[in-house]
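S.K.: Top line first, the protein sequences correspond to chains R and D. For the first sequence, the residue numbers in full-length UniProt numbering are 1 to 325. For the second sequence, the residue numbers in full-length UniProt numbering are 1 to 507. No residue lacks a Cβ here, since even glycine has one placed at the ideal position from N, Cα and C. Model, not experiment: these values are computed from the prediction.
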Amino acid sequence: MNTRALPLYATIAIFLVAYLICWIQFPAMLSTRVIGNLLTDNAYLGIVAVGMTVVIISGGIDLSVGSVIAFSGVFISVVLRDTSLHPLVVFPLLLAVTTLFGAAMGGLIHGLGMPPFIVTLAGMFLARGAAYMLTIDSVPIDHEFYDTLRRLYWLMPGKGRLTLLGIVMLLSVVVGMILAHRTRFGTSVFALGGGAHTARLMGVAVGRTTVLIYAFSGFMAGLAGIVFSIYTASGYPLATVGVELNAIAAVVIGGTLLTGGSGWVVGTLIGVLTMGLIQTYIVFDGSLSSWWTKIAIGALLLMFILLQKGLLALGRQQFAGTAQT
Amino acid sequence: MLLSIRGLTKSFPGTRALDGVSFDLRAGEIHALLGENGAGKSTLIKCLTGVYERDAGEILLDGRPVAPQSTHDAQTLGIGTVYQEVNLLPNLSVAENLTFGRQPSRAGLVQTRKMRAQAEEMLSGYGLDHVNVAQSLGAYSVAVQQIVAIARAVALSGKVLILDEPTASLDSAETEMLFSVVRDLRERGLGIIFVSHFLDQVFSLTDRLTVLRNGQHIVTAETAEVSRLDLIHHMLGHELEEAEHRRHATKTAQQSVLTFDGTGRRGKIAPFDLTVSRGEVIGMAGLLGSGRTETADMLFGRTPPDSGKAHDDDGPVSLRNPREAIAAGFGYAPEDRKTDGIIGELSVRENIALALQARRGWWRPLPRAEQRELAERYIERLDIRTSGAEKPVGELSGGNQQKVVLARWLAMNPRFLILDEPTRGIDVGAHAEILRLIGEVVESGMSILLISSELDELVAASDRIIVVRDREHVAELVGEDIETDAIVRAIAASDAPAAAPAAEVAR
């Protein structure tokens, strides 16, 4: 068996066990309603975490995504308020802006040889600042097309609603899985995470790949911004502060190595759902403070980091073993 | 002729790494490329694989002039390289590593099954039937990874295969496995350039050999017609013209300052006894990888010994790490000056004051004026050519950088100073000055361990010479015995002709 897949199995196991515990305590939690809400409520996080997964597999990090989501919401709401453009025109416009923004960060990271941490930190402040430039207030979105979008859902057996937002998130995950695991681009991303120098020697176009990686993350952040604007029906420059950190947490809980080179997009989905499940549990319980979510997530993160360290050590030991024979 | 190199020249600031070197490679031969560090082997390979651009000369592949601009370029032309550290990605699967960049795909999607089939086909004939190509490469031993790298290079290039120290991290069984693969490839008509410092392997594997020294072509010959002794002569050569020899045979009888009993470290260097006398220069001779640097690293606590004891007149000396070694009055100017010796961005003054400051502790900074005075004193005493004490060391020439390293240790006034290849890559003038300095400081009672590949230098400077071979101290030459021929004989004498004994110990 491939030891590298262990974190993914661990992620799945933890999610199932957590769900089991929830179900034993609150049997109502095993219903399509809860699952539908889980998907809808975490749709924007799931989408942005797919982009983050690709970035982290490549050995990078993208701190700008939270701000980009906020910027997206503000951009959409302000444009819809001040112009007569249809949302279907505004969406591609916004996605172009955020994709270019990501590509520009990727270009800087490669061109200047700067650490992604610093470049995307600058991007984080820039995007947040740009959101404030557009407005400092919460701008409601009042457009009949938005109402239509919000009402779109598929009624699952058991009266659960799989909303458009949830579907978009699941589709994003599928696209991310294909991109990361089934394309040459995906292999290049893993190669970069395994070692940029070696990757270059093996013929990876490092510059192009880096730009594409951050462009993809920018696109996903824009898409998450659209979903978030539908979810909240407003744009607010102070929204989604720290979402980039939630996304990173989801990626790591999903079994992706924070140092890059190994990971699964589907794990990220489960990471997001695990985090959502904890929140749901706290809502069901009613007496717990919502801050317990943070504590649980912190503990989970710590556990995964230890698990990965342990696996690395195990792998090395195994390797030493084969070298001895 | 498959590959011909004519008059290849490549200079770097301050040194001429390759000076009109010629080299031929036939199809279906294994050709060893030999030389000590700095001989120009790696520069030659980097010119061949497009990492460096040559200054002059031509490279003919199949009779046509080529000028590879990048590794990729060289690959397309037919020149593939496999390095000591496997340049593949352990986090990708074996199949992905083999087919990387040319994975079969349809509509943008990689066809995994077809890719695995291709990979299996590429691996067939290498004796790796037990390897599962879907497994990640990192799950296999270095030897398997090495062979996968060869399979990839052969599939991508197919004419010339360069193996750069491929056996350095393999044990003897793995080395044998690799060699049978290489022999098969020779039968298939590839031209193979084999770089290694294990002479046994050169003799057992290669058809011809070429020796480089100081960027110059020394000899090309049929391996079978060259004796070990001649080969070592060619590799080490005679660098210094008749230098005056220091002979202090009487000094060896003087009081000893340090004694090492059975000091050794498994896999690095076999236990040895060594007595260091006051004001003595001990030379250490041996080929690259024979255990010279390992001895130095161990004595200075960089890789602490796991056996034996060290003591001086006052009692035992602990050498578990460089701090303790420094506290015991040791100094060490390592072989790789650029990465281990100097800190290029810091000024001459800061570099000289470094060790002294470290001994005082960072909470008691050395006053600026004192540092300046110290720097000025050594710049004058060692004749360091710099525009000032504040100039970054990285901008000085190699010889002057070496003097700065020496100044740092002299400022500490150690009793035992280890110099690993102090004269490598520096010009002749500075070379002589450093030797003069060594003579000067031992007059004051300091003892020196001098490691060098240049036998004449050792003969000229040492009171006593220790010969290292296959990670063992094998001989000690004193007094009248100190001469280059005796050293070469001691290095060449091989009582263990089995393949790669050194590699076995290295495990």
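In chain order, what residues of the same chain lie with their CB nearer than 6 Å to the CB of D:G40, ignoring the 5 residues before and after it?
M.R.: Looking up residue 40 of chain D in the second sequence gives position 40. So the qualifying residues of the chain are A17, L18, L212, G215.
S.K.: Kindly say whether D:H72, judged by its beta-carbon, lies nearer than 9 Å to any beta-carbon of chain R.
M.R.: As a first step, residue 72 of chain D is located in the second sequence; it is residue number 72 there, counting from the start. At least one chain R Cβ lies under 9 Å of D:H72.
S.K.: What does DSSP give as the partner residue(s) for D:K309 in the beta ladder?
M.R.: For the purposes of this step, residue 309 of chain D is taken as the residue at position 309 of the second sequence. Answer is D:D261.
S.K.: Thinking just about the alpha-carbon of each residue, which of D:A270, D:L274, D:F300 is nearest to the one in D:S290?
M.R.: Locating residue 290 of chain D in the second sequence gives position 290, where the first residue counts as 1. Of the listed residues, the one whose Cα sits closest to D:S290 is D:A270.
S.K.: Quick check on D:I482: does DSSP put it in helix, strand or coil?
M.R.: Your numbering for residue 482 of chain D matches position 482 in the second sequence. The answer is coil: DSSP assigns D:I482 none of H, G, I, E or B.
S.K.: Determine whether the Cβ of D:E376 lies closer than 9 Å to any Cβ atom of chain R.
M.R.: Looking up residue 376 of chain D in the second sequence gives position 376. So no, D:E376 is outside the interface.
S.K.: Note down, in chain order, every chain R residue with its Cβ under 8 Å from the Cβ of D:P90.
M.R.: Locating residue 90 of chain D in the second sequence gives position 90, counting from the first residue. Per Cβ cutoff of 8 Å: G194.
S.K.: Roughly how many angstroms lie between the CA atoms of D:M412 and R:A199, to the nearest whole one?
M.R.: Residue numbering aside, residue 412 of chain D sits at position 412 when the second sequence is read from its first letter. Residue numbering aside, residue 199 of chain R sits at position 199 when the first sequence is read from its first letter. Those two C-alpha atoms are separated by around 44 Å.
S.K.: Please go through the same chain and pick out, in chain order, the residues whose beta-carbon is closer than 6 Å to the beta-carbon of R:T99, but skip the five residues on each side of it.
M.R.: Counted from its first residue, the first sequence places residue 99 of chain R at position 99. Counting only Cβ-Cβ distances below 6 Å, and skipping sequence neighbours, we find A215, G218, F219.
S.K.: If you reduce the DSSP assignment to three classes, tell me which class D:F23 lands in.
M.R.: Here residue 23 of chain D corresponds to residue number 23 of the second sequence, with the count starting at 1. Strand.
S.K.: So is D:E339 buried or exposed if we call it buried at 16+ other beta carbons inside 10 Å?
M.R.: Translated into the one-based positions of the second sequence, residue 339 of chain D becomes position 339. Per the sequence shown, the amino acid found at residue 339 of chain D is Thr instead of Glu. Classification of D:T339: exposed, given that the 10 Å Cβ count is below 16.
S.K.: Here's the rule: buried if 16 or more other CB atoms are within 10 angstroms of the residue's CB, otherwise exposed. What is R:Y132?
M.R.: Within the first sequence, the letter at position 132 stands for residue 132 of chain R. R:Y132 is exposed by the Cβ-count criterion.
S.K.: Determine, using beta carbons only, whether D:L178 comes closer than 9 Å to chain R.
M.R.: Walking along the second sequence from the start, residue 178 of chain D turns up at place 178. False, the Cβ-Cβ gap to chain R never drops below 9 Å.
S.K.: Candidates R:F91, R:T53, R:S77: which alpha carbon is nearest R:G193's?
M.R.: On the first sequence, residue 193 of chain R is found 193 positions in, with the first residue counted as 1. Among R:F91, R:T53, R:S77, the Cα nearest to that of R:G193 is on R:T53.
S.K.: Roughly how many whole angstroms lie between the Cα atoms of D:E294 and D:K268?
M.R.: Looking up residue 294 of chain D in the second sequence gives position 294. Looking up residue 268 of chain D in the second sequence gives position 268. Rounded to whole angstroms, D:E294 to D:K268 spans 6 Å at the Cα level.
S.K.: Per DSSP, R:Y146 is paired with what?
M.R.: Numbered from its first residue, the first sequence carries residue 146 of chain R at position 146. According to DSSP, which records beta bridges pairwise, R:Y146 is partnered with nothing at all.
S.K.: In the DSSP assignment, what are the bridge partners of D:V281?
M.R.: What you label residue 281 of chain D is simply residue 281 of the second sequence in a count that begins at 1. Paired residues: D:I448.
S.K.: Within this structure, are the beta carbons of R:I47 and R:V139 separated by less than 9 Å?
M.R.: Taking the first sequence and counting its residues from 1, one reaches residue 47 of chain R at position 47. Taking the first sequence and counting its residues from 1, one reaches residue 139 of chain R at position 139. For R:I47 and R:V139, no; Cβs fall outside 9 Å.
S.K.: Taking a contact to mean a Cβ-Cβ separation below 9 Å, would you say D:I491 touches D:I282 in this structure?
M.R.: Against the second sequence, residue 491 of chain D aligns to sequence position 491. Against the second sequence, residue 282 of chain D aligns to sequence position 282. The answer is no: Cβ separation not under 9 Å.
S.K.: Could you name the residues of chain R that D:G108 contacts, counting a contact when the two beta carbons are closer than 7 Å?
M.R.: Working through the second sequence from its first residue, we reach residue 108 of chain D at position 108. Under the 7 Å cutoff, chain R gives T183.
S.K.: Do D:T223 and the ligand MN come close, with the Cβ less than 8 Å from some heavy atom?
M.R.: Of the ligands one can find in the structure shown there are none, so the ligand MN has no counterpart to examine.
S.K.: Assuming R:D285 is part of the alpha helix (DSSP H), what are its boundary residues?
M.R.: The sequence position of residue 285 of chain R within the first sequence is 285, counting from 1. Here the alpha helix (DSSP H) through R:D285 covers 265-285.
S.K.: For a cutoff of 9 Å on Cβ pairs, would you count D:G101 as touching chain R?
M.R.: Here residue 101 of chain D corresponds to residue number 101 of the second sequence, with the count starting at 1. With 9 Å as the cut-off, D:G101 counts as an interface residue toward chain R.
S.K.: According to DSSP, is D:A218 part of a helix, a strand, or is it coil?
M.R.: For this step, residue 218 of chain D is matched to residue 218 along the second sequence. Just to set this straight, residue 218 of chain D is Ile in the shown sequence, not Ala. The DSSP-derived three-state label of D:I218 is strand.
S.K.: Let me know the beta strand (DSSP E) ranges lying completely inside the region 130-192 of chain R, each 3 residues or longer, listed in chain order.
M.R.: 153-155, 161-163
S.K.: When we look at the beta-carbon of D:I343 and count the other beta-carbons within 10 Å, is it buried (16 or more) or exposed?
M.R.: The residue given as residue 343 of chain D occupies position 343 in the second sequence. Its Cβ having fewer than 16 others within 10 Å, D:I343 is exposed.
S.K.: For D:R302, list the residues DSSP reports as bridge partners.
M.R.: Here residue 302 of chain D refers to the residue found at position 302 of the second sequence. Beta-bridge pairing links D:R302 to no other residue.
S.K.: 9 Å is my cut-off, CB to CB: does R:F190 come that close to chain D?
M.R.: What you label residue 190 of chain R is simply residue 190 of the first sequence in a count that begins at 1. By this cut-off, R:F190 is an interface position.
S.K.: Compare the beta carbon distance of R:N246 and R:G160 with 9 Å and say whether it is the shorter of the two.
M.R.: The residue given as residue 246 of chain R occupies position 246 in the first sequence. The residue given as residue 160 of chain R occupies position 160 in the first sequence. Not closer than 9 Å, so no.
S.K.: How many angstroms separate the CA atom of D:L410 from the CA atom of D:W362?
M.R.: For the purposes of this step, residue 410 of chain D is identified with residue 410 of the second sequence, where counting begins at 1. For the purposes of this step, residue 362 of chain D is identified with residue 362 of the second sequence, where counting begins at 1. When rounded, the distance between both Cα atoms is 20 Å.
S.K.: How is R:L95 classed by DSSP in three states: helix, strand or coil?
M.R.: On the first sequence, position 95 is the one that residue 95 of chain R refers to. Looking at R:L95 - three-state DSSP - the assignment turns out to be helix.
S.K.: Give me the Cα-Cα distance between D:E120 and D:A134, rounded to the nearest whole angstrom.
M.R.: Counting from one through the second sequence, the residue named residue 120 of chain D turns up at place 120. Counting from one through the second sequence, the residue named residue 134 of chain D turns up at place 134. Rounded to the nearest angstrom, the two C-alpha atoms are 10 Å apart.
S.K.: Does R:K309 pass the burial test, meaning 16 or more other C-beta atoms within 10 Å, or should it be called exposed?
M.R.: Here residue 309 of chain R is taken as the residue at index 309 of the first sequence, counted from 1. When all chains shown are included, R:K309 counts as exposed.
S.K.: Going along chain D, which residues have a C-beta under 7 Å from R:G207?
M.R.: In the first sequence, counting from the first residue as 1, residue 207 of chain R sits at position 207. Result: empty, since nearest Cβ-Cβ is about 14 Å, beyond 7 Å.
S.K.: Taking only three categories from DSSP, how would you classify R:S67?
M.R.: On the first sequence, position 67 is the one that residue 67 of chain R refers to. R:S67 falls in the helix class under three-state DSSP.
S.K.: Since D:E350 is in the alpha helix (DSSP H), which residue starts that stretch and which ends it?
M.R.: As a position in the second sequence, residue 350 of chain D is number 350, starting the count at 1. First-last of the alpha helix (DSSP H) with D:E350: 348-360.
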